[in-house]
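Numbering (full-length UniProt numbering), first residue to last: 1 to 1046. All C-beta atoms in this analysis are idealised placements derived from N, C-alpha and C, irrespective of residue type, glycine included. These numbers come from a predicted model, not from an experiment. Below is one structure; the comments refer to it alone.
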């Protein structure tokens, strides 16, 4: 109870005690609110009384100055004062996000006070025993509170033991409460994502991604595409989402590759507080994405619009990239720097797929970042070629800074495009003047290149990442002819500046060479591409005028096109629709006549056959007639399409269209609608599916959302599979919600080649490819498409601000005076004299000024070949190949080739045709290696299995044909068209897209070449040249000069 207190310390302690007691009494009086006991029973007040009043008593009686007073309990008062000080500091600096900091501070101070109280108490009480030092007391407390308890230092007197019991009991009550509160706050912070500090925002670069709900597919697409650009590796991605983090997303963000660069914040873009947490005002860009899987897509767009407005209001200078779903909502976000409307792109792409096959695949490959390394390890030749060409992308460069184009200043656009492709393998597709923001695709031969022009070209890599061989290296490699493919990989490309001749070809059907050249061993020559167009031989006039079209129409043409005019639709379906010059009717069609099967007072037609259309139908199956469907019709009725080639359009709708939509389409020729479902065979037959050219199945909004991921496409996939089995020769183009479901399109359970491709896809995905799905046969052929594949269009616009404009021009969504358009031409037997893609490039540039950008190649394969080879064993696969080699000699039973036994067209001039059996055997080895292994069987058993499979399939086809014929007869329809379709079911084709192939690529029969045709109004052709429509059988111009251009 007594301690020795020196005369120097005692006055100081008394003075401090008087001051503290006076302050406590004053604060108690000032905070009095009518209840004095509330103030007195506070722990802080009691501690103040215990530590100050005894010092006042020592003043009254001097011997009491050595009385023991537990002044070490003042640490609890210091802890309380520290908490108040921190709270006042945060209040002064307006800091609201400090809960975890406060809780950590409270926990640390509480733990310190407990240990300090225990140390001082035990050291004082043990003075009656062993008289422990302060350090021994500290050691004992640490060992005791850590539950180790060595026992080398122990209290001896009972007051010390009692104090230890009391302190441990207090710690067991207080510390768990503190830890629980801290854990709760930490979990909440993990859910909300915490903050992105202002210091980091000012010293680092970051972008903000605003979404309503974040799925793993959306996140990975964004991260893979965003970080594919080498200049964005140091950027941080701040995700702002109102929902809790998905478990799959959480697992991905814990991967070291993303954990250091991606920060997830739970919050709303409509709250400034959350935008401050994301430091949006310092962000380099803000991406605002819509949730396409919502049942109410209009409501999803409304949320996107509000987010865009909130971001613009909070950070006016931050670039905004917006994805919108419905085209009618696009004008609300016109202020955004870049806008992608999903339905606009989707319907325009599906429409172009009908006239330019696999346009969806072409655009998807162009807007994805790839190095062209996909499939390079595969023994299949088409895998390697297709994968390498998929690495081509669109880039831009100023002409004066370009090695590719700077030497052609003052030359014509077509000359520049041809020469750069001949030398470097790059495809110049467009240009933009310095004083203009409009991009011109193939402005034509009359366009003169200027040093300040911005050139847009297709290549595997940017010119800045390319390396060029020196003149000495070129001389060493000069003997290697013909010009090899320009190969670019991993950001470098070796360019060989050889002068070997690369010669292109022209329009839809090319002029045959002169007769005296046919028997000559030397290749026929092609006229050179002029540096500057010869103005003396130019004449005025519209190449696509109505008069020139009418002259080319057959005399027995029953359908008159005199009622067609060119103009702009008088009734646009929504605000913000881009006006496009189209073929229109002079007088609009009555609403009753727009219905295909419904007879009215103007006609009594009840099905598509009665109309006697000259061209095959294009049928679109959709749930509702939304405004986006208007963008499907416009590209098919554009003014640059020839009247005689317009295909009738039938809209098969689940619901009756409204009057506003009918008013928008009633001015277009040969556009009809029919209320029906793709589920109903009668509806399909009445709308003319048996003689349709294309069937487009649009994903239904009502099925886009499902409880189980990836099940949203279940109904669409099964319906398309039914169509495929009933009408296997019908070209079906399908839109899916999830790209991963492409593997179910045209599904064959025993298609071992497709199963081998599935394993190839998995290998490419493991390598980190953004295009792992590209080897799926339906996607490669352009038969399936998912709008999610075009999400990369918005992401790429961050580094390529021109990519959206170029894509809209290619799809016909925007039209610019003087800019060309995308179309295609087919290589026939009469065109094979051109021989190579390089000569085709020259032919097109020298005659009609077209720019080719790719090839849609078809390789024939026997139907169901991969199903008819039973997978008995590895040797069985080889047996099937050998039987295929001798198939022409067999008369009784034909064993079709196994999957992978593809062959080129017999009319191809490829000199490597003699190596086909070897290539087929290598393909089988590859398929054998990737497919499962089974027991070994003999050849005779395999033949019996193949015969049984053939009989089963023939029986199934007969049943399906009988079913369809019976339904057509009951509906009063002619079954002739369906019989014609059934006859073409014995073979099917294997197709893929080659973007900007090398100049020495051999042309093959039935190749379809994608070309960018110059504006027919702005282009003035050379005298004597003429250009026919796609698919024409006439010559594109006078035959060329006899002298060679090389």
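Could you pull the DSSP bridge partners for residue 855 from this structure?
Its beta-bridge partners are 994, 1009.
By how many angstroms is the C-alpha of residue 606 removed from the C-alpha of residue 654?
Cα-Cα distance, rounded: 18 Å.
Return no unless some Cβ of chain C is closer than 7 Å to the Cβ of residue 126.
Among the protein chains of the structure shown there is no chain C, as only one such chain exists.
Just to confirm, is the Cβ distance from residue 351 to residue 809 under 7 Å?
Their beta carbons are not under 7 Å apart, which means residue 351 does not touch residue 809 by this criterion.
Do you know offhand how far residue 1064's Cα is from residue 738's?
In the structure as shown, the chain starts at 1 and stops at 1046, and residue 1064 therefore has no counterpart that could be examined.
CB residue 417 to CB residue 404, shorter than 7 Å?
Not in contact: residue 417 and residue 404 (Cβ atoms no closer than 7 Å).
With a Cβ-Cβ cutoff of 7 Å, do residue 651 and residue 620 count as a contact?
Yes. Within cutoff.
Check this for me: beta carbons of residue 219 and residue 170, under 7 Å apart or not?
Result no, Cβ atoms of residue 219 and residue 170 do not sit closer than 7 Å.
If you compare alpha carbons, which of 125, 387, 293 is closest to residue 701?
Ranking 125, 387, 293 by Cα distance to residue 701 puts 293 first.
If we count the other Cβ atoms within 10 Å of its Cβ and call it buried at 16 or more, is residue 968 buried or exposed?
Buried: at least 16 other Cβ atoms inside 10 Å.
Under the rule that 16 or more other beta-carbon atoms within 10 Å means buried, what is residue 33, buried or exposed?
Exposed, because fewer than 16 other Cβ atoms sit within 10 Å of the Cβ of residue 33.
Determine the closest residue to residue 432 out of 134, 305, 338, 413, with distance taken between C-alpha atoms.
For residue 432, the nearest C-alpha among the options comes from 413.
Keeping to the same chain, check which residues put their C-beta closer than 7 Å to that of residue 1069; ignore five residues upstream and five downstream.
With the chain covering 1 to 1046 only, the question about residue 1069 has no answer from this structure.
Of the choices 195, 9, 715, 319, whose alpha-carbon is the least far from that of residue 267?
The shortest C-alpha separation from residue 267 is found at 195.
Go through the stretch 27–101 residue by residue and report every complete run of the alpha helix (DSSP H) that reaches 4 residues or more, in order.
Those alpha helix (DSSP H) runs which fall completely within the stretch 27–101 and span 4+ residues are 36–40, 43–60, 74–92.
Would you give the residue range spanned by the beta strand (DSSP E) that residue 566 belongs to?
Note, residue 566: beta strand (DSSP E), 564–567.
Give me the Cα-Cα distance between residue 764 and residue 374, rounded to the nearest whole angstrom.
So the two alpha carbons sit approximately 7 Å from each other.
List the residues that DSSP assigns as beta-bridge partners of residue 199.
In the DSSP output, where bridge partners are listed per residue, residue 199 has none listed.
Quick check on the burial criterion: 16 or more other C-beta atoms within 10 angstroms. Buried or exposed for residue 1056?
The requested residue 1056 does not occur in the structure, where the chain is confined to residues 1 to 1046.
Considering only the beta carbon of each residue, do residue 122 and residue 146 sit closer than 7 Å?
Result no, Cβ atoms of residue 122 and residue 146 do not sit closer than 7 Å.
Based on Cα-Cα distance, which residue from 280, 64, 35 lies nearest to residue 270?
Looking at the Cα atoms, 280 is the closest of the given residues.
Quick check: what's the CA-CA separation for residue 395 versus residue 320?
Taking the straight line joining both Cα atoms gives about 22 Å.
So, with DSSP's three-state summary, where would you put residue 127?
In this structure, residue 127 counts as helix in the three-state DSSP scheme.
Which one of 382, 326, 255, 238 has the shortest CA to CA distance from residue 193?
Of the candidates 382, 326, 255, 238, the one whose C-alpha sits nearest the C-alpha of residue 193 is 238.
How long is the line joining the alpha carbons of residue 647 and residue 671, rounded to whole angstroms?
Taking the straight line joining both Cα atoms gives about 9 Å.
Rounded to whole angstroms, what is the Cα-Cα separation between residue 8 and residue 52?
Whole-angstrom Cα-Cα distance: 18 Å.
Out of 393, 148, 577, 214, which has the shortest C-alpha to C-alpha gap to residue 334?
The option with the nearest alpha carbon to residue 334 is 577.
From the DSSP output, in three-state form, read off residue 430 for me.
In this structure, residue 430 counts as strand in the three-state DSSP scheme.
Around the C-beta of residue 48, are 16 or more other C-beta atoms found within 10 angstroms, so that it is buried, or is it exposed?
With 16 or more Cβ atoms within 10 Å of its Cβ, residue 48 is classed as buried.
Can you tell me whether residue 5 is helix, strand or coil according to DSSP?
Of the three classes helix, strand and coil, the one that applies to residue 5 here is coil, per DSSP.
Only counting runs of 4 or more residues, tell me where the alpha helix (DSSP H) segments fall wholly within the stretch 103–167, in order along the chain.
Qualifying alpha helix (DSSP H) stretches, in chain order: 134–145.
Which class does residue 744 belong to by DSSP, given the choice of helix, strand or coil?
Of the three classes helix, strand and coil, the one that applies to residue 744 here is helix, per DSSP.
Rounding to the nearest angstrom, what Cα-Cα distance links residue 460 and residue 815 in this structure?
Rounded to the nearest angstrom, the two C-alpha atoms are 27 Å apart.
Please classify residue 341 as buried or exposed, where buried requires at least 16 other C-beta atoms within 10 Å of its C-beta.
Buried, because 16 or more other Cβ atoms sit within 10 Å of the Cβ of residue 341.
Per DSSP, residue 264 forms a beta bridge with which residues?
239, per the DSSP bridge assignment.
Going by CA-CA distance only, name the one from 837, 760, 717 that's closest to residue 783.
Considering only alpha carbons, the answer is 717.
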